[in-house]
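S.K.: Chains A and B are the protein sequences, given in the same order. Okay, so the first sequence: first residue is 1 according to this note's numbering, each after it adds one. Okay, so the second sequence: first residue is 119 according to this note's numbering, each after it adds one. Submitted below is the structure of interest, expressed as structure tokens.
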Amino acid sequence: AQTVTQSQPEMSVQEAETVTLSCTYDTSESDYYLFWYKQPPSRQMILVIRQEAYKQQNATENRFSVNFQKAAKSFSLKISDSQLGDAAMYFCAYRSGDSGAGSYQLTFGKGTKLSVIP
Amino acid sequence: ETGVTQTPRHLVMGMTNKKSLKCEQHLGHNAMYWYKQSAKKPLELMFVYNFKEQTENNSVPSRFSPECPNSSHLFLHLHTLQPEDSALYLCASSSETGFSSPLHFGNGTRLTVT
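This is the structure in structure tokens:
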């Protein structure tokens, strides 16, 4: 079974600075998808960024980018120019690319709580 | 405005009560999910429905009973729950095609079992 590990329960960053959230995963598959979700106090999980394992280029979405290291099974999220609205729980998630049973399942990490200091 | 709406937002129920959680999606998706979010634990997948058919049941106790009458609506019927079932219950939907399609979540129902 796949596992996702987020080793930082809490992080803080000064407003306008850059912060990196760590995520590692364990899988024997070669085809899969990785996601970062954000959960603000409103509780709604919002997709931040996603990465296909077959793509070598790191995904970017405005101020958010990832460092995807497939051999190391690492998928970190970098937030640049942090804003107060970035304060939230951030979850890393894994999804198999296998079309067999369980393929719809997202495996989540425990999350990292990010605080942004004004 | 979320494309996935969950009601109620909060629910307090006794262990002998019967209640239902409702989820509705307006995104034209074909797959719907129930997740359980407990403090300090990863989100746990409970059920998956694809085109109204249940495709996954993650060893969920029978006191949780899902129902999917159509691709837009998903219910979670609750009866004789335990205090450890207190958690945030999240509904999500996704397009059936493409495994890279992300999940769209609702705001969740905060359930407290007394």
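The beta-carbon is built from N, C-alpha and C at its ideal position, and this holds for glycine as well.
(1) Given this structure, state the Cα-to-Cα distance separating Val122/B from Thr27/A, to the nearest angstrom.
(2) When we look at the beta-carbon of Asp31/A and count the other beta-carbons within 10 Å, is it buried (16 or more) or exposed?
(3) Show which residues of chain B have a CB atom less than 7 angstroms away from the CB atom of Gly109/A.
(4) With burial defined as no fewer than 16 other Cβ atoms inside 10 Å of the residue's Cβ, what is the status of Ala71/A: buried or exposed?
(5) Sort Arg181/B, Ser180/B and Thr173/B by Cα distance to Gln105/A and report the nearest one.
(6) Does the beta carbon of Leu47/A sit closer than 8 angstroms to a beta carbon anywhere in chain B?
(7) Quick one: which chain A residues come within Cβ less than 7 angstroms of Gly226/B?
(8) If we ignore side chains and look at the alpha-carbon of each, how far apart do Gln200/B and Glu61/A end up?
(9) Let me know the secondary structure DSSP gives Glu202/B once reduced to three states.
(10) For Phe165/B, count neighbouring C-beta atoms within 10 Å of its own C-beta (all shown protein chains included) and say buried if the count is 16 or more, exposed if not.
(11) Are the Cβ atoms of Pro160/B and Lys110/A separated by less than 8 angstroms?
M.R.: Here's the rundown:
(1) Straight through space, the alpha carbons of Thr27/A and Val122/B are spaced by roughly 31 angstroms.
(2) Exposed, since its Cβ has fewer than 16 Cβ neighbours within 10 Å.
(3) Think of a sphere of 7 angstroms around the beta carbon of Gly109/A: the chain B residues whose beta carbon falls inside it are Pro160, in chain order.
(4) exposed
(5) Thr173/B
(6) yes
(7) Arg43
(8) 42 angstroms
(9) helix
(10) buried
(11) Contact check for Pro160/B against Lys110/A passes: the beta carbons are separated by less than 8 angstroms.
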